[in-house]
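Peer 1: So the sequence lines, in the order shown, correspond to chains Y and S. Numbers 5 to 264, taken from my numbering, label the letters of the first sequence in order. Numbers 5 to 264, taken from my numbering, label the letters of the second sequence in order. My questions will all concern the structure given below.
Number of protein chains: 2
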Amino acid sequence: MIWCRFEVQGKSSYGMVEGGRVTQVWGNPLREYAVTAHSYPLDEVKLLAPIRPAMLYAAGPNYRGHVEGMAARRGSPPSYPDRPSPNYRSVHAIIGTEENIVVPKDSAGAVQPEGQLAVVIGKKASKVSVDEALDCVFGYTIGNDISERPWQQADRTMFRGKNCDTWKPMGPWIVTDLDPKGFHIIVRHNGDVWEDFSSADQIWDTATWIHELSKYATLYPGDVLWMGTQGADGDMVPGDTIEVEISGIGTLRNYVVAEE
Amino acid sequence: MIWCRFEVQGKSSYGMVEGGRVTQVWGNPLREYAVTAHSYPLDEVKLLAPIRPAMLYAAGPNYRGHVEGMAARRGSPPSYPDRPSPNYRSVHAIIGTEENIVVPKDSAGAVQPEGQLAVVIGKKASKVSVDEALDCVFGYTIGNDISERPWQQADRTMFRGKNCDTWKPMGPWIVTDLDPKGFHIIVRHNGDVWEDFSSADQIWDTATWIHELSKYATLYPGDVLWMGTQGADGDMVPGDTIEVEISGIGTLRNYVVAEE
């Protein structure tokens, strides 16, 4: 099943996507909803970020290639994580597919993408076992963890290096009933493939992250976990287009613009 | 004016506090509200955390004494911040006054308090000047940034060291129309004064933080900023009571318990 949030005639709601059309629902697929008789061609609606989470967790480094790529960028030896330690991202920085990523005037003038599998929690999860963990998942979408490496390196926190307005593209929609181990994730910069990797190469898999987080912090329906990226990509500048495609989900496409 | 959230007869709502009574309001004082004819003695209602923020920002080190105290704890030289770099805290970890702080079974068995001024944003703030910044404030409350120092030091992020369930007490209520420079902040452990400091000693003041954050990330009504703490306090163990009192606001009181 494919769930989206969309805007039509100035109103936003959730919708079910099938055969190139969106059927509007009232309510929220994570709690209660009712299917309406309204449906629209997909290309006549504006897709919104498919969820507005209370908490947006980002896996710390979760692919060996990202640890190594970032270390090479800094010119220091790689430091692999010894346990899953998530960070948080700003929920206010979330935008949807086809929206603009804004490069601040006082930045170095470029930003960097990180294509990520995004996991949407569907059930309250406290102290769940690895075996039970995936039962708490509502579905999967795509995130692009936009970063500004000089700020990320210079600052004590990732506030400015990761969380400026518009820097958390997510979408295009949420797909349910998928296996999180087999995703094929591709990052394309102006059509060129920058990364091409498998979620099977995660240091810790989705079920292990949910298990570990839920030992300490209850996860709630609508919370979202971004699962980390492979590699350490180059610079995007105003005028560029960035796409993250995940097999079985779709493509998240955004445009880089300069702050006015 | 004093605003609270409270629960009575199983229902939660906002209320106005005056003369030992709470007058219930419909709606939300940050947007629209209506005063009702219902009022209750303060000691007959359960106070809830006075706000459920979308984003809970925590000032990085914002008092020189905290930088020095933490450095002494680690046995390393103090490293003063060169710019305001906030971190985030889990909004799911927020509890109200008089609630229990739970020490996890697999922790070292103790947690540490950090008494903090909490600033509640009342107006959307993007790229505001220092002079305009305090116009965006709705009011002030009290936070206790519960920490587990061994985890904070060992982990790559502050997830487990700062954000376990119940570790973000906030309250007892929000007071409007105060000057954030003159607060007197006292931390009491089982009645003994552990810290006694002034918000005038912040490295960067409230207006500067709002100005700096709003350069990069729009602040929204209901977002909350915790403004840092002085010192580096000792251990709290199950059975202890911890209070943070701020002049002109009130007292946030919580009880330390062991995980069952």
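Just so it is clear, CB atoms sit at the ideal spot from N, CA and C, and this is done for glycine as well.
DSSP state of residue 211 of chain Y, grouped into three classes?
Peer 2: As a working mapping, residue 211 of chain Y is identified with position 207 in the first sequence. If DSSP states are grouped into helix, strand and coil, residue 211 of chain Y belongs with the helices.
Peer 1: Based on DSSP bridge pairs, tell me the residues matched to residue 182 of chain S.
Peer 2: Along the second sequence, read from residue 1 onward, the residue named residue 182 of chain S stands at position 178. BP columns for residue 182 of chain S are empty, so no partner.
Peer 1: Can you list the residues of chain Y that residue 160 of chain S reaches, using a CB-CB cut of under 9 Å?
Peer 2: Counting from 1 along the second sequence, the entry for residue 160 of chain S is found at position 156. Neighbours of residue 160 of chain S on chain Y, chain order: 64, 65, 83, 85, 86, 87, 89, 91.
Peer 1: If contacts are defined as beta-carbon pairs under 8 Å, then residue 16 of chain S and residue 51 of chain S qualify, I think. What distance do you get, rounded to the angstrom?
Peer 2: Against the second sequence, residue 16 of chain S aligns to sequence position 12. Against the second sequence, residue 51 of chain S aligns to sequence position 47. At roughly 10 Å, the Cβ-Cβ gap does not stay under 8 Å, so residue 16 of chain S and residue 51 of chain S are not in contact.
Peer 1: In the DSSP assignment, the alpha helix (DSSP H) including residue 135 of chain Y goes from what residue to what residue?
Peer 2: As a working note, residue 135 of chain Y is residue 131 in the first sequence. Taken as a continuous stretch (DSSP letters only), the alpha helix (DSSP H) holding residue 135 of chain Y covers 134-137.
Peer 1: In its own chain, which residues sit with a C-beta less than 7 Å from the C-beta of residue 132 of chain S, not counting the 5 before and 5 after it?
Peer 2: For the purposes of this step, residue 132 of chain S is taken as residue 128 along the second sequence, with counting starting at 1. Answer for residue 132 of chain S: 140, 214, 215, 218, listed in chain order.
Peer 1: Compute the Euclidean distance between the alpha carbons of residue 93 of chain Y and residue 91 of chain S, then round it to the nearest angstrom.
Peer 2: Numbered from its first residue, the first sequence carries residue 93 of chain Y at position 89. Numbered from its first residue, the second sequence carries residue 91 of chain S at position 87. Approximately 9 Å, taken between the alpha carbons.
Peer 1: Where do the N-terminal and C-terminal ends of the beta strand (DSSP E) with residue 232 of chain S fall, by residue?
Peer 2: Position 228 of the second sequence, counted from the start, is the residue given in the question as residue 232 of chain S. No beta strand (DSSP E) contains residue 232 of chain S, which DSSP labels as neither H nor E.
Peer 1: Just how far apart, CA to CA, sit residue 82 of chain Y and residue 120 of chain Y?
Peer 2: Position 78 of the first sequence, counted from the first residue, corresponds to residue 82 of chain Y. Position 116 of the first sequence, counted from the first residue, corresponds to residue 120 of chain Y. Distance between the alpha carbons of residue 82 of chain Y and residue 120 of chain Y is about 21 Å.
Peer 1: Which of the residues in the segment 140-167 of chain S, read from start to end, lie with their CB under 7 Å from any CB of chain Y?
Peer 2: Result list: 159, 160, 161, 163, 164, 167.
Peer 1: Between the Cα of residue 146 of chain S and the Cα atoms of S/130, S/177, S/157, which residue gives the shortest distance?
Peer 2: Position 142 of the second sequence, counted from the start, is the residue given in the question as residue 146 of chain S. The shortest C-alpha separation from residue 146 of chain S is found at S/177.
Peer 1: Would you mind sorting residue 159 of chain S into buried or exposed? The rule is 16 or more other CB atoms within 10 Å of its CB.
Peer 2: If you number the second sequence from 1, residue 159 of chain S lands on position 155. Classification of residue 159 of chain S: buried, given that the 10 Å Cβ count is 16 or more.
Peer 1: Exposed or buried, what is residue 144 of chain S when buried is set at 16 or more other beta-carbons lying within 10 Å of its beta-carbon?
Peer 2: Within the second sequence, residue 144 of chain S is the residue found at index 140, counting from 1. It is buried - the Cβ of residue 144 of chain S has at least 16 other Cβ atoms within 10 Å.
Peer 1: Would you grab the beta carbon distance between residue 34 of chain S and residue 154 of chain S for me? Rounded to a whole angstrom, and I think it's under 8 Å.
Peer 2: In the second sequence, counting from the first residue as 1, residue 34 of chain S sits at position 30. In the second sequence, counting from the first residue as 1, residue 154 of chain S sits at position 150. So it is not a contact: roughly 38 Å between Cβ atoms.
Peer 1: Answer yes or no: do residue 266 of chain Y and residue 97 of chain Y have a C-beta to C-beta separation smaller than 8 Å?
Peer 2: Because residue 266 of chain Y is not part of the residues shown, which for chain Y are 5 to 264, the question remains open.
Peer 1: Determine the direct distance from the alpha carbon of residue 49 of chain S to that of residue 189 of chain Y, and round the result to whole angstroms.
Peer 2: Position 185 of the first sequence, counted from the start, is the residue given in the question as residue 189 of chain Y. Position 45 of the second sequence, counted from the start, is the residue given in the question as residue 49 of chain S. Approximately 52 Å, taken between the alpha carbons.
Peer 1: Against residue 94 of chain S, what residues of chain Y qualify as contacts under a CB-to-CB distance less than 8 Å, listed in chain order?
Peer 2: As a position in the second sequence, residue 94 of chain S is number 90, starting the count at 1. Here the neighbours are 59, 92, 221.
Peer 1: Could you pull out every unbroken alpha helix (DSSP H) segment of at least 4 residues lying fully inside the segment 38-102 of chain S, listed in chain order?
Peer 2: As far as the segment 38-102 of chain S is concerned, its whole alpha helix (DSSP H) runs of at least 4 residues are 68-78.
Peer 1: Under 6 Å Cβ to Cβ from residue 207 of chain S, same chain only, skipping five residues before and after it: list those, please.
Peer 2: Counted from its first residue, the second sequence places residue 207 of chain S at position 203. Only 66 meet the Cβ criterion.
Peer 1: Which one of Y/32, Y/31, Y/43, Y/198 has the shortest CA to CA distance from residue 2 of chain Y?
Peer 2: Outside the displayed range of chain Y (5 to 264) lies residue 2 of chain Y, so it cannot be described from this structure.
Peer 1: In chain order, what residues of the same chain lie with their CB nearer than 8 Å to the CB of residue 46 of chain Y, ignoring the 5 residues before and after it?
Peer 2: As a first step, residue 46 of chain Y must be located in the first sequence, where it is residue number 42. Closer than 8 Å at the Cβ level, and outside the excluded window around residue 46 of chain Y, lie 21, 24, 25, 26.
Peer 1: Taking 8 Å as the threshold (C-beta atoms), are residue 148 of chain Y and residue 246 of chain Y in contact?
Peer 2: Locating residue 246 of chain Y in the first sequence gives position 242, where the first residue counts as 1. Locating residue 148 of chain Y in the first sequence gives position 144, where the first residue counts as 1. Going by C-beta atoms, residue 246 of chain Y is nearer than 8 Å to residue 148 of chain Y.
Peer 1: Considering Cα atoms alone, identify which of S/115, S/201, S/199 is closest to residue 164 of chain S.
Peer 2: The residue labelled residue 164 of chain S in the question sits at position 160 within the second sequence. Ranking S/115, S/201, S/199 by Cα distance to residue 164 of chain S puts S/115 first.
Peer 1: If contact means a Cβ-Cβ distance below 7 Å, which residues of the segment 165-185 of chain Y contact chain S?
Peer 2: Under the 7 Å Cβ criterion, the segment 165-185 of chain Y contributes 167, 168, 169.
Peer 1: Taking a Cβ distance cut-off of 7 Å, strictly less, list which residues of the segment 221-236 of chain S are near chain Y, in chain order.
Peer 2: Listed in sequence order: 221, 222, 224.
Peer 1: For residue 126 of chain Y, which residues of its own chain have a beta-carbon under 7 Å away from its beta-carbon, when the five flanking residues on both sides are left out?
Peer 2: What you label residue 126 of chain Y is simply residue 122 of the first sequence in a count that begins at 1. Once the five neighbours on either side are set aside, the close Cβ partners of residue 126 of chain Y are 34, 140, 141, 142, 225.
Peer 1: Can you give the Cα-Cα distance for residue 84 of chain Y and residue 28 of chain S, rounded to whole angstroms?
Peer 2: Taking the first sequence and counting its residues from 1, the one referred to as residue 84 of chain Y is at position 80. Taking the second sequence and counting its residues from 1, the one referred to as residue 28 of chain S is at position 24. When rounded, the distance between both Cα atoms is 53 Å.
Peer 1: Nearest to residue 89 of chain Y by alpha carbon, out of S/166, S/86, S/40?
Peer 2: The residue you call residue 89 of chain Y lines up with position 85 of the first sequence. Of the listed residues, the one whose Cα sits closest to residue 89 of chain Y is S/166.
Peer 1: Put residue 129 of chain S into one of helix, strand or coil per three-state DSSP.
Peer 2: The sequence position of residue 129 of chain S within the second sequence is 125, counting from 1. Three-state result, residue 129 of chain S: strand.
Peer 1: Starting from residue 250 of chain S, follow its DSSP beta bridges and name the residues at the other end.
Peer 2: Taking the second sequence and counting its residues from 1, the one referred to as residue 250 of chain S is at position 246. For residue 250 of chain S, which the question treats as bridged, DSSP gives the partners S/189, S/254.
Peer 1: Say whether chain S places a C-beta atom closer than 8 Å to the C-beta of residue 41 of chain Y.
Peer 2: Along the first sequence, read from residue 1 onward, the residue named residue 41 of chain Y stands at position 37. Cβ-Cβ to chain S under 8 Å: no for residue 41 of chain Y.
Peer 1: Counting contacts by CB-CB distance shorter than 8 Å, is residue 108 of chain Y in contact with chain S?
Peer 2: Here residue 108 of chain Y refers to the residue found at position 104 when the first sequence is read from its first residue. Yes, residue 108 of chain Y counts as interfacial toward chain S.
Peer 1: Mind pulling the chain S residues with CB within less than 8 Å of residue 97 of chain Y?
Peer 2: As a position in the first sequence, residue 97 of chain Y is number 93, starting the count at 1. What residue 97 of chain Y touches in chain S: 221.
Peer 1: Which residues bound the beta strand (DSSP E) around residue 15 of chain Y?
Peer 2: Counted from its first residue, the first sequence places residue 15 of chain Y at position 11. Unbroken beta strand (DSSP E) run through residue 15 of chain Y: 15-22.
Peer 1: With C-beta atoms as the reference, is residue 37 of chain Y less than 8 Å away from residue 18 of chain Y?
Peer 2: Taking the first sequence and counting its residues from 1, one reaches residue 37 of chain Y at position 33. Taking the first sequence and counting its residues from 1, one reaches residue 18 of chain Y at position 14. Result yes, Cβ atoms of residue 37 of chain Y and residue 18 of chain Y sit closer than 8 Å.
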